[in-house]
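Structure, as structure tokens:
There are 2 protein chains.
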Amino acid sequence: MAKNMFSQKLNKAILEKNSRLCVGLDPRLELLPKTILNAAIKKHGQTNQAAADAITTFNKQVLDTVVDLACCVKPQIAFYEQFGAEGIQSFWDTVKYAKSLDLVVIADIKRGDIGSTAQGYAHAYLGGNKLFNKKVESDIDSITINPFLGEDTLEPFVSVAKQEQKGLFVLVKTSNPGSKDLQDLKIDNQSISMRVAQMINHQAESLPLDEYGYHSLGAVIGATYPKSAQQFRKVLPQSIFLVPGIGAQGGDPSLLKHFFNKDKLGAIVNSSRGITFTFKPNEKNYLTDIRKSALETRDLINHNL
Amino acid sequence: MAKNMFSQKLNKAILEKNSRLCVGLDPRLELLPKTILNAAIKKHGQTNQAAADAITTFNKQVLDTVVDLACCVKPQIAFYEQFGAEGIQSFWDTVKYAKSLDLVVIADIKRGDIGSTAQGYAHAYLGGNKLFNKKVESDIDSITINPFLGEDTLEPFVSVAKQEQKGLFVLVKTSNPGSKDLQDLKIDNQSISMRVAQMINHQAESLPLDEYGYHSLGAVIGATYPKSAQQFRKVLPQSIFLVPGIGAQGGDPSLLKHFFNKDKLGAIVNSSRGITFTFKPNEKNYLTDIRKSALETRDLINHNL
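Protein sequence lines, in the order shown, are assigned to chains A and B.
Residue numbering for the first sequence follows this note's numbering, starting at 785 and increasing by one per position.
Residue numbering for the second sequence follows this note's numbering, starting at 785 and increasing by one per position.
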């Protein structure tokens, strides 16, 4: 039993905190508290550095606020890549701070590429590379990946994840309406998404199980598709589902039970804006709002297991 | 006629240089010239900063060497993301230097995500965002994107690209063997890749054509699949194809004509390692080797139009 493997860490956090809530960290400059923004601009002018500093400051406050309520956190890297190298530094500073609070970190990067490029991405975010002669470690516990290029492009990710005891969430059925365009197409009565689920099962054959019966090769399945979730649950009983799409995107919380196993494990439910940006930029007590939203969302999920 | 639109710029470069060669910039530390690596380590120790500096120095030399032989260059961002914020700075420094040489730059990022996240990626690499009150410009001319999440996730990219006169290359049929797993699956005798080609056509309806008859919404089609290329050429006569996979991956140069239109336009052929890493790390005249490889590859492509 690998005590340090991703699924073990995540399941332990879920049970200890009684939380299946993943707090998404998708910072938007225009929604940040004005006090934080103004301080950063005063220090660095209207630059990428100011944006990055403001984001890091806000994220640290959010992390302190939700640390006992979230089983994991998920920075979405697009919102950091917008601010160049400074934005990426903010991403890594956020990851490091989350790790210092012992939070499980999922980097939402949705990468996918062939051969050595896929390996490059895996090393970049999961570690295990050598920088000159030193082995590089990563504070990230798991990443999201895109399967469109085929199973041979999942392998480098699985290989690095296995070696580093990290996790992966493969996009299976995404939460947006357009996910029907390709993912729902059926061949011999089986959808493309189901084919991806089978790839996951195939790749997971070589992976160890944690003490709860799960491995670290998970699936992204939108909260907006609870009926599909039931089918994927049957095919992937040992995978953890990362479930985005409640709140603004319209996923119905009362149907979340379709994403979980009977052990009340097997899924984590993400909320980003619904937790971190429920306040007005001029509001002073925004952390009270954030904590309240996190608490309510955690309880809403637990109520619907 | 938009003189500054991506396809116009690229087609002009192709005709002026008589080159359809895209030089890929996929730096690998272990293959860099020892002189460059040692100088960077001496200055910065065995750090990400040393790796990033060595990569930037090497890339600038490569760009100076191939500037008249390549119609465009294509940094693959995974190889930069491995070195954290410093690596991303090297990526942007490389892009900036390429632009200073008036080279067309395609960032190979293969991003794909929903709604505002897709828009975030588009702004990050194609510009058009506002940083506080200033509009941000990007030196990148075009990016690669992944269509797995559906047509509604292409729209934010198309919208930003149109506004900024930038280009996009959508993954249609990738060069790896595993591209058969999902991309070749057929529904009503039509492959997933062909569905993506139709999405491109649909999205391109609102895009302007350049004076050569092309728009800026291209497709990635692996050199390893020349028969498929003929079919895609028929369906997408006004798209430019980005063609990876000659050389190490086994694409046959003598079949490249299937990727082009009769006007000898409509495709660019990428080579990365086959141009930038044909030398041994201890070799002193590596730039001579790089120039020779670029020249030969450019001519090989032109010979097979």
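Glycine included, C-beta positions come from ideal geometry on N, C-alpha and C.
Residue environment, residue i, which counts as buried when at least 16 other CB atoms sit within 10 Å
| i | result |
| --- | --- |
| Glu935 (chain B) | buried |
| Ala1032 (chain B) | exposed |
| His986 (chain A) | exposed |
| Ser990 (chain A) | exposed |
| Asn913 (chain B) | buried |
| Ser1038 (chain B) | exposed |
| Pro940 (chain B) | buried |
| Gln1106 (chain A) | There is simply no residue 1106 (chain A) to check, as chain A begins at 785 and stops at 1089 in what is shown. |
| Thr878 (chain A) | buried |
| Gly1034 (chain A) | exposed |
| Lys894 (chain B) | buried |
| Thr811 (chain A) | In the sequence on display, residue 811 (chain A) carries Pro and not Thr. Pro811 (chain A) should be labelled buried. |
| Asn1069 (chain B) | exposed |
| Glu870 (chain A) | buried |
| Leu1060 (chain B) | Here the sequence assigns Thr to residue 1060 (chain B), which means Leu is not the residue at that position. Result: buried. |
| Thr1072 (chain B) | exposed |
| Asn788 (chain A) | exposed |
| His907 (chain B) | buried |
| Lys1011 (chain B) | exposed |
| His1042 (chain B) | buried |
| Asp965 (chain B) | buried |
| Lys950 (chain B) | buried |
| Asp1047 (chain B) | exposed |
| Asp1036 (chain A) | exposed |
| Asp886 (chain A) | exposed |
Own chain partners of residue i with C-beta closer than 6 Å, once the 5 adjacent residues on each side are dropped
| i | result |
| --- | --- |
| Thr958 (chain B) | Gly1006 |
| Gln792 (chain B) | Asp994 |
| Cys806 (chain A) | Cys856, Lys858, Ile1052, Asn1054 |
| Ala838 (chain A) | Leu816, Ile820, Leu821, Ala824 |
| Asn1066 (chain A) | Lys818 |
| Ala988 (chain B) | His999, Leu1001 |
| Phe953 (chain B) | Thr928, Gly1002, Val1004, Leu1026 |
| Ile890 (chain A) | Cys856, Lys858, Ser926 |
| Phe842 (chain B) | Leu816, Ile820 |
| Phe863 (chain A) | Asp810, Pro811 |
| Thr1062 (chain A) | Asp1073, Ser1077 |
| Val850 (chain A) | Val807, Ala1078 |
| Leu1084 (chain A) | Pro1037 |
| Val942 (chain A) | Gln987 |
| Ser1056 (chain B) | Gly808, Asp810 |
Beta-carbon contacts of residue i that lie in its chain and below 8 Å, excluding the five residues immediately before and after
| i | result |
| --- | --- |
| Gly1058 (chain B) | Ile1030, Gly1031, Ala1032, Ser1077, Thr1081 |
| Glu814 (chain B) | Pro1065 |
| Leu1089 (chain A) | Arg804, Leu1040, Lys1041, Phe1044, Lys1048 |
8 Å Cβ cutoff, residue i in contact with chain E
| i | result |
| --- | --- |
| His907 (chain A) | Of the protein chains in the structure, A and B, none is chain E. |
Contact set for residue i: own chain, Cβ-Cβ below 7 Å, skip 5 residues either direction
| i | result |
| --- | --- |
| Thr840 (chain A) | Ser874, Asp877, Thr878 |
| Val888 (chain B) | Lys793, Leu794, Ala797, Cys855, Cys856, Asp925 |
| Ala981 (chain A) | Val956, Ala1003, Phe1016, Val1019, Leu1020 |
| Asp852 (chain A) | Lys801 |
| Leu1079 (chain B) | Leu853 |
| Gly911 (chain A) | Val920, Glu921, Ser922, Glu948 |
| Thr937 (chain B) | Gly896, Asp897, Ile898, Ala902 |
| Ala836 (chain B) | Phe867, Glu870, Gly871, Gln873, Ser874 |
| Pro931 (chain A) | Gly896, Leu938, Val954, Leu955, Val980, Met983 |
| Asp1143 (chain A) | Residue 1143 (chain A) lies beyond the range of chain A shown here (785 to 1089); nothing can be said about it. |
| Thr1008 (chain A) | Ser959, Gly1029, Gln1033, Gly1034, Gly1035 |
| Lys844 (chain A) | Tyr881 |
Next item on the list: Flag this pair as touching only if the segment 818–829 of chain A and the segment 892–900 of chain B have three or more C-beta atom pairs under 8 Å; answer yes or no.
Entry: no
Margin query: Under 8 Å: do the segment 881–895 of chain A and the segment 852–866 of chain A share three or more Cβ pairs, one atom per stretch?
Written below: yes
Notebook entry, point to check: Hey, which unbroken runs of the alpha helix (DSSP H) at 4 residues or more fall wholly within the segment 874–956 of chain A?
Noted result: 899–910, 939–948
Next item on the list: Mind the definition here: the segment 966–983 of chain A touches the segment 966–980 of chain B only if three or more C-beta pairs lie below 8 Å; say whether that holds.
Entry: yes
Note to self: Between the segment 942–951 of chain A and the segment 997–1016 of chain A, can you find at least three pairs of beta-carbon atoms closer than 8 Å?
What the structure shows: yes
Checklist line | Within the segment 946–1011 of chain B, ranges of the alpha helix (DSSP H) (whole runs, at least 4 residues) | finding: 964–967, 976–988
Check: What are the start and end residues of each continuous alpha helix (DSSP H) run of 4 or more residues lying completely inside the segment 801–877 of chain B, in chain order?
Finding: 818–828, 832–850, 862–865
Next item on the list: Say whether the segment 826–836 of chain A touches the segment 908–924 of chain B, bearing in mind that this needs 3 or more beta-carbon pairs closer than 8 Å, one atom from each stretch.
Entry: yes
Note to self: Counting only Cβ-Cβ distances shorter than 8 Å, please list the residues of the segment 959–970 of chain A near chain B, keeping chain order.
What the structure shows: Ser959, Asn960, Pro961, Gly962, Ser963, Lys964, Asp965, Leu966, Gln967, Leu969, Lys970
Next item on the list: Below 8 Å between beta carbons is the criterion; list the residues of the segment 934–957 of chain A that meet it against any residue of chain B, in chain order.
Entry: Gly934, Glu935, Asp936, Thr937, Leu955
Next item on the list: Report the residues of the segment 836–869 of chain A with a CB closer than 7 Å to any CB of chain B, ordered along the chain.
Entry: Gln860, Ala862, Phe863, Glu865, Gln866, Gly868, Ala869
Next item on the list: Using a Cβ-Cβ cut-off of less than 8 Å, give me the residues of the segment 923–934 of chain B that come near chain A, in sequence order.
Entry: Asn930, Pro931, Phe932, Leu933, Gly934
Note to self: Beta carbons nearer than 7 Å to chain A: which residues of the segment 1022–1035 of chain B have them?
What the structure shows: none
Next item on the list: Return the chain-ordered ranges of every beta strand (DSSP E) run that is complete within the segment 1023–1065 of chain B and spans a minimum of 3 residues.
Entry: 1025–1027, 1051–1055
Note to self: Beta carbons nearer than 9 Å to chain A: which residues of the segment 975–1003 of chain B have them?
What the structure shows: Ile976, Arg979, Val980, Met983
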